[in-house]
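Trainee: Structure provided below as structure tokens; questions to follow.
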Amino acid sequence: MTTVPLPTDTTRWRCTLCGNLTRFDVTRSSKVVEYVHLDLAGEPKVEEREVVSETIESVRCRWCNAVDQIELVDRPGTDS
């Protein structure tokens, strides 16, 4: 399975199978550091979250369920 890069300010994802540009299921692995505050009753609330690292495992087209068919293309109106 190939890793698909995240879209940028000038690019977006496109499914090469069906042409979808807007709906994708993204599976990620993240390593985070969270500051968790517990109230007196013991109810936790995440007050700060820092993403240390993040990897996209897969991107699946929501329209046709294709995996490994997602490419990065230029957004319209950008000079890339």
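For what it's worth, our numbering labels the leading residue of the sequence shown as 106, then goes sequentially.
C-beta atoms are modelled at their ideal positions from N, C-alpha and C, and glycine is treated no differently.
Owing to the predicted nature of the structure, the values given are computational and were not obtained by experimental measurement.
In this structure, does DSSP put residue 166 in helix, strand or coil?
Mentor: Reduced to three states, the DSSP call for residue 166 is strand.
Trainee: Flag this pair as touching only if the segment 117-131 and the segment 151-167 have three or more C-beta atom pairs under 8 Å; answer yes or no.
Mentor: The segment 117-131, when compared against the segment 151-167, does touch it at the 8 Å Cβ threshold.
Trainee: Where does residue 109 sit, in a helix, a strand or coil, going by DSSP?
Mentor: The answer is coil: DSSP assigns residue 109 none of H, G, I, E or B.
Trainee: Check whether the Cβ of residue 145 lies closer than 7 Å to any Cβ atom in chain B.
Mentor: You won't find chain B in this structure, because it holds only one protein chain.
Trainee: Taking buried to mean at least 16 other C-beta atoms within 10 Å of its own C-beta, is residue 109 buried or exposed?
Mentor: That one is buried.
Trainee: Who are residue 149's beta bridge partners in DSSP?
Mentor: DSSP, once it has assigned bridges, lists 143 as partnering residue 149.
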